[in-house]
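S.K.: Shown below is the structure under consideration.
There are 4 protein chains.
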Amino acid sequence: MSDINSFGIIGGDIRQLYCARSIYEDGLDITVSGFGRSSDMMGMKETPADAVIERVDAIILPLPVSKDGERLNSPFAEEPLPLSEIINSIGKDKPVFAGMYGSADPAMFKGMNISCYSSREEFAAANAVPTAEGAIGTAINEFDGTLNGSRILVMGYGRIGRILSMMLRGMGAEVSVSVRRLKDAEMVRAAGMKPEFTDHPEGSYDIIFNTVPVLVLDARTLARCASDALIIDLASLPGGIDDNAAARMGIRVIHALSMPGKTAPRTAGIIIKNTIYNMINEMYKNNL
Amino acid sequence: MSDINSFGIIGGDIRQLYCARSIYEDGLDITVSGFGRSSDMMGMKETPADAVIERVDAIILPLPVSKDGERLNSPFAEEPLPLSEIINSIGKDKPVFAGMYGSADPAMFKGMNISCYSSREEFAAANAVPTAEGAIGTAINEFDGTLNGSRILVMGYGRIGRILSMMLRGMGAEVSVSVRRLKDAEMVRAAGMKPEFTDHPEGSYDIIFNTVPVLVLDARTLARCASDALIIDLASLPGGIDDNAAARMGIRVIHALSMPGKTAPRTAGIIIKNTIYNMINEMYKNNL
Amino acid sequence: MSDINSFGIIGGDIRQLYCARSIYEDGLDITVSGFGRSSDMMGMKETPADAVIERVDAIILPLPVSKDGERLNSPFAEEPLPLSEIINSIGKDKPVFAGMYGSADPAMFKGMNISCYSSREEFAAANAVPTAEGAIGTAINEFDGTLNGSRILVMGYGRIGRILSMMLRGMGAEVSVSVRRLKDAEMVRAAGMKPEFTDHPEGSYDIIFNTVPVLVLDARTLARCASDALIIDLASLPGGIDDNAAARMGIRVIHALSMPGKTAPRTAGIIIKNTIYNMINEMYKNNL
Amino acid sequence: MSDINSFGIIGGDIRQLYCARSIYEDGLDITVSGFGRSSDMMGMKETPADAVIERVDAIILPLPVSKDGERLNSPFAEEPLPLSEIINSIGKDKPVFAGMYGSADPAMFKGMNISCYSSREEFAAANAVPTAEGAIGTAINEFDGTLNGSRILVMGYGRIGRILSMMLRGMGAEVSVSVRRLKDAEMVRAAGMKPEFTDHPEGSYDIIFNTVPVLVLDARTLARCASDALIIDLASLPGGIDDNAAARMGIRVIHALSMPGKTAPRTAGIIIKNTIYNMINEMYKNNL
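Residue numbers (the numbering used here), protein chains in the order written: chain W, 439 to 726; chain S, 439 to 726; chain Z, 439 to 726; chain Y, 439 to 726.
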């Protein structure tokens, strides 16, 4: 894998520690900074950020890079890590793999050798799995019946919708999936499920999972389709549900966000690692 | 359904309330006693036990009937319900459907028209579903990776083992099932999973679910197969794991018991109702 | 459905007869021409083409429209149906729904009110189901073992690849799917299958299904991955296999083409009907 | 595996040749007799029966042993193999593994060291897989629609019923299973399918598979449930359908028998081998 043999992970939550451990288990050199207050360092040793940058071939920054625009996103750091200092230390040449910038000003990274792992398609596809499992775990915990045998609607048939609906059917639920396009309706039917159309679902459901990041369940649709269903919204805020209308109708809505880090941080860390490996492989191929 | 048109539910936990509500939704008459301290009576009204017994065609007692041998098992009752008084009030003729007796002396029920719903096979089969889902919910919550893609061993291929392994495969896990008999090994293989033999599983696993109510994971087997696996034991206490040996080896064991009432009380209540309906149907047929 | 209440089907194979019957069962008026030599008219009566055109609101032409450029594709017609005569009779105004033109000169249809059902995406998606089932039927007939438990590679993860691989996994096969993109590899993994990359599959397989319409199994790849595998090629001719290389190596290749009409003509006919209904619904909406 | 290192296979159809080849691939010594007229000896050489018996540690006889009571069942033999001669040559001591006797008089085998592989439970369980696949292949060939999306009833939930219904659901069919016992109804429901009761199925179906070897579809039941369904009967003759009633009603019934040998002879041969290995392992353990 090219000439990158050592990684430094600076900042981030438990996913980055799992990422670090997985890199270590691959036999590569790994150093971490910003985890001094973590209760479990997974066998790694806290190292000052400067020493990390000095020592390694490539840096991995967290997802998101910053939540306030000033400090690196590093909840386990003993002292705040000022973003500008870290960036200065890294300099223009050292390869950096970062999550999305969050509140950080993109201009800060200008001229750096930086690329984003969290915007890659295989990153999103891989994270759809822990998202779907987290949604299922939430439903098992919050719904007073079993998923098996229940009438469940999954809104949206993108990555998460496809994986979630497959898992629910695999657990014996009666699954419908709402789509926008006729061809997707055929794919849903082929997978042994009932297609609905997102703008006017017609069935009656016990649980509705939404994966569509625009308002799909407005007051009118809620009134018709959800009476006493439990709604689990997986779409980023503000989500796809008219929460006020739902509250007025007494419909329970759970916003289940950031599932991968909560439900499967080890997997989430390995996904970060795999994505970075893919990026390095591609750079390496292009340089041949 | 014969000449039983009204039911009285005396004592029990939230499952009995769901059972009551479901009977009500079937259009039958239902009266409950022993739920005065419940935060949600599901639209029903607390009635004194004597009045309930007076009024209804058949009585439903909880599962178990008693936990201390003296009082009816009724965690939501405002005052303790002495078992002997309840039994005296019911008398010898009125049909009673009860869970297992628990700590109650079977002699107390002598001569009564009583039958047990929780010992019926379809009751156990139906409860295997919420048990399996509760096990999956526990694994999603406690395991730091995803079930999808993980190597999972289900020990035992009875009701729970069959349903649990099917659901796990349906979620995309790599499932092995341990069995005792060659013919069960063939059924496991046919279902797209890998058979193991319960007395000497050979694979390496991320998660092990045990459903077998005898010691299957002793120190020797643990040493070989489980290194850093998460073990979820669904078998009634003392369960199927040598907990001391596991603790010495640093293996994490979770005892996940009484899943249906915890994870899906509504389903658990409906299962009680359905089983009682089956019993009444059979009595009725036999009387024709 | 707009103002089209009667259909005329002229020419085509048994799929068009099933399409006709299904339209009839929907309560619409249907007349057919070109089936006089069919052994089973499914309760319909042969009518001369001119009379059909005269009588109906819309015409349905076969798939393909012509195989020789001169006559309508109508294997069951008692006399050849000259394409130019049919086209002249139809005229410029009457709505026509046709399959792809085949050998017919597109210029012939200039100025007509004609649209193509077989180029629509939901048509292709729906036909992926009978194609996948036909492939499975072929494998069951031709392979000397069971699919269950066999190592199977599906090349390509488009419509057919997705449905076929899901069905094979549902039958208990050990399924790998070859893809080109990393994100598809993640979707394959999420579905409980093993991803391969189409340009260098690494596993060893009992059966290989190809769905990719370019040369994917060249001599070099065949040599490595297929030794004594059975290969079933679903891609349109010339297909995705180097047949000469396969023959030299003694590898058996079956070209399984036009599956929907062969394996499930009723479904194929209903798909034609549904697609035409969709087209009419869209015209109607656009006219509102 | 004990002290049996060489096998002789005398008589039988292509399954026995596959069994022989699989034994050979395990590195054991194998000699065959009775296959001189086979077009493909799979690399083996025909040897006279006497020489085989002389040479090997154990003999494998076909399934069934005889179809006429006089000759060994050996459709590929150049000359008939008289059963009594074979038995005399084998003698009392040499271990023999045989299929069911068929028309052979059991008394002929008295005092021999013979045991039956085809009556073992794991043999029946393993053969349920090729039987189910053969049934699916038959349905794909004979039904004019797709299994995907069709309403299918599987009668009986024994080995074949369980595997067949799982495969059909895995292909996206809408599956019901008829059972006799309430607990099996719960297991069917848990598997995401609809339970029916065998004595009065209520649904309407496109395809009915029967696995129950007693008359389950009599005239009355046929009249109600099958109108224009395709019926595939997997139960041994006379099967579970009133064929005369079905004929009168114009219902199509296909008897699909002896599926493993027809649809997956290689698998069927390997099942024979595996069963014999199991028997030898058990003998060996018992002798320790």
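Note that the Cβ used here is the ideal one computed from N, Cα and C, for glycine as well.
Express the C-alpha separation of W:Leu-466 and Z:Leu-585 in angstroms, rounding to a whole number.
M.R.: Distance between the alpha carbons of Z:Leu-585 and W:Leu-466: 41 Å.
S.K.: For the beta strand (DSSP E) containing W:Ala-536, list its first residue and its last residue.
M.R.: Segment 534 to 536, the beta strand (DSSP E) holding W:Ala-536.
S.K.: Along the stretch 549 to 562 of chain Z, what residues have a CB closer than 7 Å to any CB found in chain W?
M.R.: Those residues of the stretch 549 to 562 of chain Z that come within reach of chain W (Cβ to Cβ, closer than 7 Å) are Glu-559, Glu-560.
S.K.: Might you give, ordered along the chain, the residues of its own chain that have their beta carbon closer than 7 Å to the beta carbon of W:Gly-449, omitting 5 neighbours on each side?
M.R.: Cβ within range, chain order: Gly-472, Leu-499, Pro-500, Leu-510, Asn-511, Ser-512, Ala-515, Leu-519.
S.K.: Which residues in the same chain as W:Ala-573 place their Cβ atom closer than 7 Å to its Cβ, once the five residues preceding and following it in sequence are excluded?
M.R.: These residues qualify, in order along the chain: Leu-602, Phe-647, Ile-670, Leu-672, Ala-694, Met-697.
S.K.: Name the chain Z residues whose beta carbon is nearer than 9 Å to that of W:Asn-716?
M.R.: Near W:Asn-716 (Cβ distances below 9 Å), the residues of chain Z are Leu-620.
S.K.: In the DSSP output, which residue or residues are listed as bridge partners for Y:Phe-635?
M.R.: Per DSSP, Y:Val-617.
S.K.: Can you give me the Cβ contacts of W:Met-439 inside the same chain, cut-off strictly under 8 Å, excluding the 5 residues immediately before and after it?
M.R.: With a pLDDT of only 49 at W:Met-439, under the threshold of 50, the placement of this residue in the model should not be trusted; the figure read from the coordinates follows. Around W:Met-439: Tyr-715, Ile-718, Asn-719, Tyr-722.
S.K.: Between the C-alpha atoms of S:Gly-529 and Y:His-638, what's the straight-line distance to the nearest angstrom?
M.R.: The alpha-carbon atoms of S:Gly-529 and Y:His-638 are separated by roughly 39 Å.
S.K.: Verify the CB distance criterion: does Y:Gly-572 have a CB-CB separation below 9 Å to chain Z?
M.R.: Yes, Y:Gly-572 lies at the interface with chain Z (some Cβ there is under 9 Å from its Cβ).
S.K.: Can you grab the Cα-Cα spacing for the pair S:Ile-598 / S:Met-482, in whole Å?
M.R.: For S:Ile-598 and S:Met-482, the distance between alpha carbons rounds to 33 Å.
S.K.: Comparing C-alpha positions only, which one of Y:Phe-635, Y:Val-490, Y:Arg-704, Y:Leu-620 sits nearest to Y:Ser-527?
M.R.: When each option's Cα is compared against that of Y:Ser-527, the closest is Y:Val-490.
S.K.: Could you say which of Y:Cys-554, Y:Gly-507, Y:Gly-537 lies nearest to Y:Glu-523 if we only look at CA atoms?
M.R.: It is Y:Gly-507 whose Cα lies nearest to the Cα of Y:Glu-523.
S.K.: Could you name the residues of the same chain whose beta carbon sits closer than 6 Å to that of Y:Lys-632, not counting the 5 residues immediately before and after it, in chain order?
M.R.: So the qualifying residues of the chain are Ser-614.
S.K.: In whole angstroms, give me the CA-to-CA distance for W:Met-605 and Y:Met-687.
M.R.: Roughly 42 Å separates the two Cα atoms.
S.K.: Measuring only the C-alpha atoms, how far is W:Glu-484 from W:Ile-452?
M.R.: Those two C-alpha atoms are separated by around 14 Å.
S.K.: Note down, in chain order, all residues in the stretch 627 to 641 of chain W with a beta-carbon under 7 Å from any beta-carbon belonging to chain Y.
M.R.: Flagged, chain order: Arg-627, Ala-628, Ala-629, Gly-630.
S.K.: Rounded to whole angstroms, what's the CA-CA distance from S:Ile-708 to Y:Arg-658? Just pull it up for me.
M.R.: Looking at the two C-alpha atoms, the distance is approximately 34 Å.
S.K.: Would you kindly check if the distance between the Cβ of S:Glu-580 and the Cβ of S:Leu-675 is under 9 Å?
M.R.: Contact: no.
S.K.: Hey, does S:Gly-599 have any beta-carbon neighbour from chain A nearer than 9 Å?
M.R.: Within the model displayed, chain A is absent; protein chains W, S, Z and Y are what it includes.
S.K.: Look up Z:Val-567 in the DSSP assignment and say whether it is helix, strand or coil.
M.R.: Note: Z:Val-567 maps to helix in three-state DSSP.
S.K.: Can you tell me the Cα-Cα spacing of Z:Met-462 and Z:Ser-444, whole angstroms?
M.R.: A small correction: the amino acid at residue 462 of chain Z is Tyr; Met does not occupy that position in the sequence shown. Cα to Cα, Z:Tyr-462 sits roughly 10 Å from Z:Ser-444.
S.K.: For my contact list, Z:Tyr-411 and Z:Ser-504 are in at a C-beta cut-off of 8 Å; report their separation, rounded to the angstrom.
M.R.: For chain Z, the structure presents residues 439 to 726; residue 411 of chain Z sits outside this window and is missing.
S.K.: Tell me whether Z:Ser-616 is buried or exposed, calling it buried when 16 or more other Cβ atoms sit within 10 Å of its Cβ.
M.R.: Label assigned to Z:Ser-616: buried.
S.K.: Strictly under 9 Å for the Cβ-Cβ distance: is S:Lys-723 near chain Y by that measure?
M.R.: So, not an interface residue.
S.K.: Per DSSP, which one or two residues make a beta bridge with Z:Phe-547?
M.R.: Looking at the DSSP assignment, Z:Phe-547 forms no beta bridge with any residue, so it has no partner.
S.K.: If you measure beta-carbon to beta-carbon, which residues of the stretch 671 to 702 of chain W are closer than 9 Å to chain S?
M.R.: So the list reads Pro-698, Thr-701, Ala-702, given in the order they occur along the chain.
S.K.: Kindly indicate which three-state DSSP category Z:Arg-627 falls into: helix, strand or coil?
M.R.: Three-state result, Z:Arg-627: helix.
S.K.: Checking contacts by CB at 9 Å: is Y:Met-479 closer than that to chain Z?
M.R.: So, not an interface residue.
S.K.: Listed in chain order, which residues of the stretch 470 to 502 of chain W have Cβ atoms closer than 9 Å to some Cβ of chain Z?
M.R.: Of all residues in the stretch 470 to 502 of chain W, none has a Cβ within less than 9 Å of some Cβ in chain Z.
S.K.: Rounded to a whole number of angstroms, what is the C-alpha to C-alpha distance between W:Thr-701 and W:Val-567?
M.R.: Taking the straight line from one Cα to the other gives about 11 Å.
S.K.: Suppose contacts are defined by Cβ-Cβ distances below 9 Å. Is W:Glu-571 in contact with W:Ile-590 by that definition?
M.R.: For W:Glu-571 and W:Ile-590, no; Cβs fall outside 9 Å.
S.K.: At a Cβ cut of 7 Å, what residues of the stretch 576 to 591 of chain W count as close to chain Y, listed as they run along the chain?
M.R.: Here the close residues are Asn-586, Gly-587.
S.K.: Please list, in chain order, all residues of the same chain as W:Arg-607 whose beta carbon is under 8 Å from its beta carbon, the five residues on each side excluded.
M.R.: So the list reads Val-613, Ala-629, Gly-630, Met-631, once near-sequence residues are dropped.
S.K.: Is the beta carbon of W:Thr-636 sitting closer than 9 Å to the one on W:Gly-596?
M.R.: Taking 9 Å as the Cβ cut-off, W:Thr-636 and W:Gly-596 do not qualify as a contacting pair.
S.K.: Starting from W:Asn-648, trace the beta strand (DSSP E) both ways and give me its first and last residue.
M.R.: Here the beta strand (DSSP E) through W:Asn-648 covers 645 to 648.
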